Every structure is written in C-alpha cells, then in structure tokens.
Amino acid sequence: MEVPILKQGDYLIASIQAALSDEDLLKLRDELADRVGRFRSRGVIVDVTVVDVMDSFASRTLRTTAHMLRLRGAETVIVGIQPEVAFAMVQLGLTLEGVTTMLDLEEGLTFLDQQKKRRAKRAK
Amino acid sequence: MKTATEVQVSIRSDTDIVIARQQARSFAAQLGFSGTDLTIIATAVSEMARNIVIYAGNGEITIEAAQDGAQKGICVIARDRGPGISDVARAMEDGYSTVGSLGLGLPGTKRLVDEFHVVSKVGEGTTVTIKKWRR
Ligand SMILES: Nc1ncnc2c1ncn2[C@@H]1O[C@H](COP(=O)(O)OP(=O)(O)O)[C@@H](O)[C@H]1O
Ligand SMILES: [Mg+2]
Numbered sequence: 001m002e003v004p005i006l007k008q009g010d011y012l013i014a015s016i017q018a019a020l021s022d023e024d025l026l027k028l029r030d031e032l033a034d035r036v037g038r039f040r041s042r043g044v045i046v047d048v049t050v051v052d053v054m055d056s057f058a059s060r061t062l063r064t065t066a067h068m069l070r071l072r073g074a075e076t077v078i079v080g081i082q083p084e085v086a087f088a089m090v091q092l093g094l095t096l097e098g099v100t101t102m103l104d105l106e107e108g109l110t111f112l113d114q115q116k117k118r119r120a121k122r123a124k
Numbered sequence: 125m126k127t128a129t130e131v132q133v134s135i136r137s138d139t140d141i142v143i144a145r146q147q148a149r150s151f152a153a154q155l156g157f158s159g160t161d162l163t164i165i166a167t168a169v170s171e172m173a174r175n176i177v178i179y180a181g182n183g184e185i186t187i188e189a190a191q192d193g194a195q196k197g198i199c200v201i202a203r204d205r206g207p208g209i210s211d212v213a214r215a216m217e218d219g220y221s222t223v224g225s226l227g228l229g230l231p232g233t234k235r236l237v238d239e240f241h242v243v244s245k246v247g248e249g250t251t252v253t254i255k256k257w258r259r
C-alpha cells in the first residue's frame, strides 16, 4: 500500500495507512528524500494517526527518515501516535530519539511555521 | 460467529508480517481482548514474524486460545527451522542484535506479554511462544 504524499506550500504531508509493510516504509523514506529535494520543502509531516502497530522496524525507519530529511534541509514532525500505540512503543523500548513528535496535524503545522519564522529571523 | 480454534499464518515475506498482525488482532478481538491489549498483541506478533523473515527466511505463526484455570487468553507460537540462536540469554538483552538493528524484538516482546518462552537449537530452528491473559 503506497503512502500518499501531499505538497502544501513549503511542506510535505505523508499520511501513513494502517497496513504498511516494511517495503512500503522504505519506499516512503526514499520518496520523501527525493521530493524534499525536488520541491525544496522545508518541513515534512508524517501522519501516523491510523497506524495501529509501531514496531521496532517502523520506528527505526521513521527515525532514519527524519534524520535523512534533516540532512536534506527539512524538519520532520511525526504526528498522531495513538495512546495505545505509544504505550506499546514504551514497553518495547522504542523512543524515537531525536525526532519531533506532535499530537496532531494542526500542532505539527504550527510547529513547522514557528520553525520557519525563527529561521527567517536568524537570516535577517 | 463462532471463534475459530486456531489460525495459522505462513511467514515468508514482509507482507506476511502485516497479515500475521492483522490476524492476531482480529483473533484477539474475538477472544474478548480490547483497546490497548489488541495493539500490544499485534505489536508482539509483528516482532515475532519479522524475526522469522529476517533470520530464518520462512516459518509459521499459530494463534490460538489459551486457558489456565480460570484465566483465559491468547497464545501465539512463532516457529521456524532457521539457523537457531546460539546464545539465547544474550539475544534477550536490550540492544543486542547480530544484524545492527535495535535489538528490542525479543526483550521488548517479553515486556509486552504475560508469558514468554524461547526454545532454540542451532541448526534446527527457533520457537517463540507468548501468552497474554484477558484482564
Ligand atoms: N528466529 C530467529 N532465528 C535465529 N536468530 C534469531 C531469531 N530471532 C532472533 N534471533 C537473534 O536474536 C537477536 C536479537 O533479536 P531481536 O531482539 O528481535 O533484535 P533484532 O531483530 O533487532 O536484532 C537477533 O539479532 C538474532 O541474532
Ligand atoms: Mg527482531
């Protein structure tokens, strides 16, 4: 199942579907790295609201993706981790260290806008 | 609807991992599990199935009802005839991985469930059994 990626201004929004295989996740990582370059995106939101299982592979791949995109000049925010998914992640020992997470899409967008403003200020 | 007594999923590729965790979730729901427990069971099965794919290439997952006195729950068995684990105690340590991944699959799964057993013999294969009781 492919992940739809929407372009919204400077941002990309990827909404992960429930039944995502390892292969699909790797494809998403590569696709985002490619599009961040093509569209010169400054921020990426990965929405995992409907994801019902976040296991060690998914978690590691999302972390790698976020780090890769940062190296490509875009900030990544993971949004929508459900409470029961968060609980299972903690039990497994998955921390998503170094990755920004926010409650939902709206919060994610607000965060990216703030980042952008901060960056613009610094550039002045 | 009558609950099937057992579900078997043969595991050969990463798409079978998705099938296994979906089957586990719906079987667990039929057994009366809900909410967080469904997520926990599906996550545990995902780790078990992935280890089969990565280390053994193929194997199978059996999902069945479990009972112990008054306790009722679910039992999941992951079986493969892969290379086996030479040092099970090490494999159970957080962060120990022979392939450079997170090394949380076995120890993490153990934390997710109520009962956890690994039987492994080098050259013969590995069987991981988990049980989760209904609250
Ligand atoms: N079914 C299996 N067959 C052979 N070796 C296994 C199997 N499952 C786990 N292992 C071994 O145990 C180690 C730890 O497994 P796990 O905790 O799932 O972490 P990871 O898969 O990230 O390495 C693996 O690196 C591997 O060497
Ligand atoms: Mg593993």
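Protein sequence lines, in the order shown, are assigned to chains A and B. With the working numbering as the guide, the letters of the first sequence map in order to residues 1 to 124. With the working numbering as the guide, the letters of the second sequence map in order to residues 125 to 259. Each residue gets a CB set at the ideal place from its N, CA and C atoms; glycine is no exception. Treat the numbers as computed from the prediction; the structure is a model and nothing was measured.
Flag residue i as yes if its beta-carbon sits less than 7 Å from any beta-carbon of chain B, otherwise no.
| i | result |
| --- | --- |
| Leu92(A) | yes |
| Asp55(A) | yes |
| Ala86(A) | no |
| Asp30(A) | no |
| Asp34(A) | no |
| Ser15(A) | no |
| Ser21(A) | yes |
| Arg118(A) | no |
| Arg122(A) | no |
| Arg60(A) | yes |
Tell me the residue span of the alpha helix (DSSP H) that contains residue i.
| i | result |
| --- | --- |
| Thr167(B) | Gly159 to Asn175 |
| Lys234(B) | Gly229 to Leu236 |
| Thr139(B) | Asp138 to Gln154 |
| Val212(B) | Val212 to Ala215 |
Checking contacts by CB at 7 Å: is residue i closer than that to chain A?
| i | result |
| --- | --- |
| Leu230(B) | no |
| Ala166(B) | yes |
| Arg145(B) | yes |
| Gly224(B) | no |
| Val142(B) | yes |
| Arg235(B) | yes |
| Thr160(B) | yes |
| Thr139(B) | yes |
| Ser170(B) | yes |
| Asp218(B) | yes |
| Thr186(B) | no |
| Gly250(B) | Here residue 250(B) turns out to be Thr, not Gly, going by the sequence shown. No, no contact with chain A. |
| Thr163(B) | yes |
Can you give me the start and stop residues for the beta strand (DSSP E) that residue i sits inside?
| i | result |
| --- | --- |
| Met102(A) | Thr100 to Met102 |
| Val223(B) | Where Val223(B) is concerned, there is no enclosing beta strand (DSSP E), given that its DSSP letter is neither H nor E. |
| Ala14(A) | Tyr11 to Ser15 |
| Val252(B) | Gly249 to Trp257 |
| Glu130(B) | Glu130 to Ile135 |
| Ser244(B) | Glu239 to Lys245 |
Would you mind working out which of the options sits nearest residue i, comparing C-alpha positions?
| i | options | result |
| --- | --- | --- |
| Gly181(B) | Ile198(B), Ala194(B), Gly206(B) and Thr167(B) | Gly206(B) |
| Leu155(B) | Arg214(B), Met172(B), Val131(B) and Ile141(B) | Val131(B) |
| Ala215(B) | Arg203(B), Val252(B) and Cys199(B) | Val252(B) |
| Gly232(B) | Ser134(B), Ala202(B), Ser137(B) and Ile164(B) | Ile164(B) |
| Arg162(A) | Glu23(A), Glu75(A), Ile81(A) and Val3(A) | Absent from the model: residue 162(A). The displayed extent of chain A is 1 to 124, so no value can be given. |
| Thr61(A) | Val46(A), Gly73(A), Val50(A) and Arg72(A) | Val46(A) |
| Asp52(A) | Glu31(A), Ala19(A) and Gly37(A) | Ala19(A) |
| Val223(B) | Asp140(B), Gly193(B), Gly249(B) and Arg174(B) | Arg174(B) |
| Asp204(B) | Leu228(B), Leu226(B), Met172(B) and Gly219(B) | Met172(B) |
| Ala202(B) | Val169(B), Asp218(B) and Ser221(B) | Val169(B) |
| Ala148(B) | Gln191(B), Gly219(B) and Val200(B) | Val200(B) |
| Leu28(A) | Gln82(A), Leu105(A) and Arg63(A) | Arg63(A) |
| Thr160(B) | Val90(A), Glu84(A) and Val99(A) | Glu84(A) |
| Glu239(B) | Leu230(B), Val246(B), Ser221(B) and Phe151(B) | Leu230(B) |
| Met54(A) | Leu109(A), Asp22(A) and Arg72(A) | Asp22(A) |
| Ile78(A) | Leu71(A), Arg72(A), Ala123(A) and Thr95(A) | Thr95(A) |
| Thr65(A) | Val50(A), Met102(A), Gly9(A) and Gly98(A) | Gly98(A) |
| Tyr179(B) | Ala128(B), Ser225(B) and Ile254(B) | Ser225(B) |
| Lys256(B) | Arg136(B), Val142(B), Ala153(B) and Ile143(B) | Ala153(B) |
| Ser210(B) | Ser244(B), Ile143(B), Val142(B) and Gly197(B) | Ser244(B) |
| Ala88(A) | Leu236(B), Phe157(B), Gly183(B) and Ile254(B) | Leu236(B) |
| His241(B) | Glu248(B), Ala213(B) and Asp138(B) | Ala213(B) |
Buried or exposed for residue i, please, with buried defined as at least 16 other CB atoms from any protein chain shown within 10 angstroms of its CB.
| i | result |
| --- | --- |
| Lys117(A) | exposed |
| Thr250(B) | buried |
| Val177(B) | buried |
| Arg35(A) | buried |
| Gln91(A) | buried |
| Val133(B) | buried |
| Thr101(A) | buried |
(message) Give the list of continuous beta strand (DSSP E) stretches no shorter than 3 residues that lie fully inside the stretch 36-67 of chain A.
(response) 43-47
(request) Jot down the residue ranges of each uninterrupted beta strand (DSSP E) in the stretch 172-204 of chain B, minimum 3 residues, whole runs only, in chain order. (result) 183-192 and 195-204
(message) Ignoring anything shorter than 4 residues, give me the alpha helix (DSSP H) runs that lie fully in the stretch 69-115 of chain A, in order along the chain.
(response) 83-92
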